[in-house]
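These notes concern the structure reproduced below.
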Amino acid sequence: MALPQIKQDATDARLAALDLPKGGWSDPARQDALARVKAMGLPNARDEYWKYTKPDTLVQPDAPEAATFHTDETPVFEGVDRLKIVFVDGVFDAEASDDLAMEHVAIDRLSIAPDIHWAKDIYGVLEARGQVPVHRPLAALNTAFATDGLLIHVTGKAPKPISLIYRHAAKASDAVLHHVVKVDAGAELTILENGPAAARFNKCMEIDIADGGKLHHVRAQGRDHQRRAATAMFTRLGTESVFKSFTLTANGVLTRNEMVVELTGDDAIAHVAGCCVGDGDFHHDDTVFITHDALNCESRQVFKKVLRNGATGVFQGKILVKEGAQKTDGYQISQSLLLDDDSQFLAKPELEIYADDVICSHGSTSGAIDEEGLFYLRSRGIEEGPATDLLTIAFLAEAVMEIEDEGLQEEINWRVEAWLSRRRG
Amino acid sequence: MLEIKNLHVQLEEEDKQILKGVNLTVDAGKVHAIMGPNGSGKSTLSYVLSGKDGYEVTDGSVSLDGQDILDMEPEERAAAGIFLAFQYPVEIPGVGNMTFLRTAVNAQRKARGEDEMSATEFLKVIRAKAAELKIDADMLKRPVNVGFSGGEKKRNEILQMAMLEPKMCILDETDSGLDVDAMKLVADGVNALRSEGRGFLVITHYQRLLDHIKPDVVHIMADGKIVKTGGPELALEVENNGYADILAEVA
Chain A
275 MALPQIKQDA
285 TDARLAALDL
295 PKGGWSDPAR
305 QDALARVKAM
315 GLPNARDEYW
325 KYTKPDTLVQ
335 PDAPEAATFH
345 TDETPVFEGV
355 DRLKIVFVDG
365 VFDAEASDDL
375 AMEHVAIDRL
385 SIAPDIHWAK
395 DIYGVLEARG
405 QVPVHRPLAA
415 LNTAFATDGL
425 LIHVTGKAPK
435 PISLIYRHAA
445 KASDAVLHHV
455 VKVDAGAELT
465 ILENGPAAAR
475 FNKCMEIDIA
485 DGGKLHHVRA
495 QGRDHQRRAA
505 TAMFTRLGTE
515 SVFKSFTLTA
525 NGVLTRNEMV
535 VELTGDDAIA
545 HVAGCCVGDG
555 DFHHDDTVFI
565 THDALNCESR
575 QVFKKVLRNG
585 ATGVFQGKIL
595 VKEGAQKTDG
605 YQISQSLLLD
615 DDSQFLAKPE
625 LEIYADDVIC
635 SHGSTSGAID
645 EEGLFYLRSR
655 GIEEGPATDL
665 LTIAFLAEAV
675 MEIEDEGLQE
685 EINWRVEAWL
695 SRRRG
Chain B
27 MLEIKNLHVQ
37 LEEEDKQILK
47 GVNLTVDAGK
57 VHAIMGPNGS
67 GKSTLSYVLS
77 GKDGYEVTDG
87 SVSLDGQDIL
97 DMEPEERAAA
107 GIFLAFQYPV
117 EIPGVGNMTF
127 LRTAVNAQRK
137 ARGEDEMSAT
147 EFLKVIRAKA
157 AELKIDADML
167 KRPVNVGFSG
177 GEKKRNEILQ
187 MAMLEPKMCI
197 LDETDSGLDV
207 DAMKLVADGV
217 NALRSEGRGF
227 LVITHYQRLL
237 DHIKPDVVHI
247 MADGKIVKTG
257 GPELALEVEN
267 NGYADILAEV
277 A
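Residue numbers (this note's numbering), protein chains in the order written: chain A, 275 to 699; chain B, 27 to 277.
Structure, rendered in structure tokens:
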């Protein structure tokens, strides 16, 4: 079917500005992804899943400029013992990175990796699976044009987290990174991500977790005010495996985080959570799609957004329970705390269930600071500003608690506190 | 110490008069109890004294040590020495009890121009006071009031009172929802704080709390006014005969 002309033109213009990298083993996947992009077309505001978030600046050929953000604050995760891997505007920085070596983990780079047989089975494969039933053309574009990324193969319990640090240096940088993570049966890894990455960042991560494997993911997206990011994670879970992901977003003119999770083995657990704090020219979109396709699996979606000065938050979350996925336990909550009347939260929760013995609950709320709580704190001598901050932290707590590691929970809470106290001046 | 004169209060949202001329003076070192039937205005009085929104003072005055407090924000009243033990303490997930208390103690100290308490000193003090109230280390670490039983919440209120060392303590139906043992523990905590420099206003529906916290003065409140004042024997009269007799007598 031919694309609408306006979509065709936008897609052509974008593709004309890109060169397909020579990918060696990944070439067939890239060709396939390119064909899919051409068939789907890049998103525009008429697409159902883009009606709350304007994709034009993510699609246009050149990245809009974004000033870099300077702060004297200690970077997040600084106190965590981790293996650091640094990308500057999407380019690997060997100097700033640790050796790509760790016990029980093999790390290669997408741009220079020789034929890695396992990666071929995942690269572009999970992304392509995630295109049904909702198109995610920016992720397909990423598969086709990613200039670098990491191929991480976890064969046992990793001794420390891998920390991906994305720095932003050039004003109009346009980074496209694609990571592939394979967690073997019984293996375990924590991946940390932080930093703005570029003026515009398109990032895709495909994660395949075998039976009994565990992957923890904690991310703090960079604070540059004008940066734009479209990220997508595609995760497939085997029997009794666990995937837990948490994202904190503070600032950023546009962020679209897509999360596609497929529970394919019995008794698997997937928790995805996120907090965002937005002030002013801030648009943050969490789009989540969780498919239950096995017995007795548990999924949780916990998303909290604090918005002020006209900031916008979007949540589109879906739980799909396939026929036969009995004993599914699905939970979804999306809530916003609106600190003034100018901010808005747009939520679209969806459930689609084809099994008859499941528990699925979902809720979505928008509200202001709890007056009872505020009075309680003030009556103890805490001024209105700090009291409001404490209640904001209380509001975010359910999502932050989804992080299993208490040290990482504290890292995130500390960031939120700092962000809030800066806004109090 | 606390002087309430001809206090008239109505709800901001609707034209409804709740307090209709309350007069009450609590001297330092004294424990006053206010009893009264439901809807008499007891809780409203406690909220108005601590500065909750939603009430409009249409007449009268309230002063603490001669200083008018009605124009003060709740946090200013707290720093000046007013403390309200809530009937329904609020749960605050994600904020540790200890963090909350240290923030409160230091906010008040700062407001009074005093030095903040160091983390070490604070820890030493709170451990000692928590032990007296049988509050364990786990309760101190947990988020404020989250998952606390009714008794734990009330003990936590008394712990806050002990840490903040207010001049004027107002207890709003602190006995509600407590079994006998929990009530005794709470009362012991309150009694330990009785001192020459501190006044108490104990609001309660029933007499039983006053078996444990012996009041110096008992007031009966009805329809927004104090209708009778007496000694501890007045509480016993309520216990034995209910409010009806007293109300009939003053009507």
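Glycine included, every Cβ here is placed at the ideal spot set by N, Cα and C.
Return the Cβ separation of residue i and residue j in integer angstroms, given the expectation that the two are a contact with Cβ distance under 8 Å.
i: Ser573 (chain A); j: Ala599 (chain A); result: Wrong, their Cβ atoms sit about 11 Å apart, outside the cutoff.
i: Val580 (chain A); j: Ala629 (chain A); result: Actually they are not in contact, since the Cβ atoms of Val580 (chain A) and Ala629 (chain A) sit about 36 Å apart, beyond 8 Å.
i: Gly423 (chain A); j: His452 (chain A); result: 4 Å
i: His245 (chain B); j: Ile252 (chain B); result: 5 Å
i: Arg234 (chain B); j: Asp201 (chain B); result: 7 Å
i: Asp559 (chain A); j: Tyr326 (chain A); result: 7 Å
i: Asn476 (chain A); j: Val450 (chain A); result: 5 Å
Going along chain B in order, which residues have a C-beta closer than 8 Å to the C-beta of residue i?
i: Tyr650 (chain A); result: Phe112, Pro115, Val116, Ile118
i: Val674 (chain A); result: Gly120
i: Ala276 (chain A); result: What Ala276 (chain A) touches in chain B: nothing, since even the nearest Cβ is about 52 Å away.
Chain B partners of residue i, CB-CB under 9 Å?
i: Gly659 (chain A); result: Under the 9 Å cutoff, chain B gives no residues; its nearest Cβ is about 10 Å from Gly659 (chain A).
i: Gly647 (chain A); result: Val116, Glu117, Ile118
i: Ala642 (chain A); result: Result: empty, since nearest Cβ-Cβ is about 13 Å, beyond 9 Å.
Chain A partners of residue i, CB-CB under 7 Å?
i: Val121 (chain B); result: Leu664, Ile667, Ala668
i: Lys301 (chain B); result: Shown here, chain B extends from 27 to 277; a query on residue 301 (chain B) therefore has no answer.
i: Ser76 (chain B); result: Ser653
i: Asp164 (chain B); result: Correct list: empty, because the minimum Cβ distance to chain A is about 15 Å.
So which residues on chain B does residue i lean against when the C-beta distance must stay under 7 Å?
i: Ile656 (chain A); result: Glu101, Thr129, Ala130, Ala133
i: Gly353 (chain A); result: Ordered by position in chain B, no residue passes the 7 Å Cβ test against Gly353 (chain A), which lies about 18 Å from the chain.
i: Ala402 (chain A); result: Per Cβ cutoff of 7 Å: no residues; Ala402 (chain A) is ~39 Å from chain B at best.
Could you tell me which chain A residues have their CB closer than 8 Å to the CB of residue i, listed as they occur along the chain?
i: Leu190 (chain B); result: Arg654, Gly655
i: Asp205 (chain B); result: None at all; the shortest Cβ gap to chain A is about 24 Å.
i: Gln186 (chain B); result: Arg654
i: Ala105 (chain B); result: Gly655
i: Asp79 (chain B); result: Glu645, Phe649
To the nearest angstrom, report how far apart residue i and residue j are at their CA atoms.
i: Arg224 (chain B); j: Gln113 (chain B); result: 21 Å
i: Ser300 (chain A); j: Ala163 (chain B); result: 56 Å
i: Arg356 (chain A); j: Ile436 (chain A); result: 6 Å
i: Val516 (chain A); j: Ile564 (chain A); result: 14 Å
i: Lys601 (chain A); j: Val576 (chain A); result: 20 Å
i: Leu273 (chain B); j: His231 (chain B); result: 15 Å
i: Lys431 (chain A); j: Ile390 (chain A); result: 21 Å
i: Arg288 (chain A); j: Arg697 (chain A); result: 38 Å
i: Asp330 (chain A); j: Gly587 (chain A); result: 18 Å
i: Ala270 (chain B); j: Ile656 (chain A); result: 42 Å
i: Glu178 (chain B); j: Cys195 (chain B); result: 19 Å
i: Thr662 (chain A); j: Ile643 (chain A); result: 7 Å
i: Asn525 (chain A); j: Asp567 (chain A); result: 36 Å
i: Thr146 (chain B); j: Lys46 (chain B); result: 48 Å
i: Thr666 (chain A); j: Glu685 (chain A); result: 16 Å
i: Asp498 (chain A); j: Ala54 (chain B); result: 56 Å
i: Pro470 (chain A); j: Leu96 (chain B); result: 49 Å
i: Thr255 (chain B); j: Leu651 (chain A); result: 33 Å
Excluding the 5 residues preceding and the 5 following residue i in the sequence, name in chain order all residues of the same chain whose CB lies nearer than 8 Å to its CB.
i: Asp336 (chain A); result: Ala291, Ala446, Asp448
i: Ile118 (chain B); result: Phe126, Pro169, Val170, Asn171, Val172
Quick one: what's got a C-beta closer than 6 Å to residue i's C-beta in the same chain, skipping five residues either side?
i: Leu236 (chain B); result: Ala59, Ala261
i: Thr285 (chain A); result: Gly315, Leu316
i: Glu377 (chain A); result: Pro433
i: Pro63 (chain B); result: Tyr269
i: Ser519 (chain A); result: His491, Val546
Leaving out five residues before and five after residue i in sequence, what residues of the same chain have Cβ atoms less than 7 Å from its Cβ?
i: Leu185 (chain B); result: Lys155, Ala156, Leu159, Ile161
i: Glu142 (chain B); result: Asn132, Arg135, Lys136
i: Gln282 (chain A); result: Gly315
i: Phe366 (chain A); result: Arg383, Asp422
i: Ala418 (chain A); result: Leu294, Arg304, Ala307, Leu308, Val311
i: Pro623 (chain A); result: Gly591, Gln606, Ser608, His636, Ser638
i: Ile44 (chain B); result: Val35, Gln36, Leu37, Gly67, Thr70, Gly250
Mind pulling the chain A residues with CB within less than 9 Å of residue i?
i: Ala54 (chain B); result: Within 9 Å Cβ-Cβ: nothing; Ala54 (chain B) doesn't reach chain A, min ~20 Å.
i: Ala137 (chain B); result: Gly655, Glu657
> On the three-pair Cβ rule with 8 Å, is the stretch 35-44 of chain B touching the stretch 204-224 of chain B?
Replying inline: no
> Hey, is the stretch 484-501 of chain A in contact with the stretch 672-684 of chain A, meaning 3+ C-beta pairs nearer than 8 Å?
Replying inline: yes
> So, do the stretch 449-457 of chain A and the stretch 339-346 of chain A have three or more beta carbon pairs nearer to each other than 8 Å?
Replying inline: no
> Between the stretch 623-643 of chain A and the stretch 78-88 of chain B, do three or more beta carbon pairs fall short of 8 Å?
Replying inline: no
>> When you compare the stretch 609-627 of chain A with the stretch 637-646 of chain A, are there three or more beta-carbon pairs, one atom per stretch, that lie closer than 8 Å?
In response: yes
> Would you say the stretch 409-419 of chain A touches the stretch 460-467 of chain A, given that touching needs at least three Cβ pairs under 8 Å?
Replying inline: no
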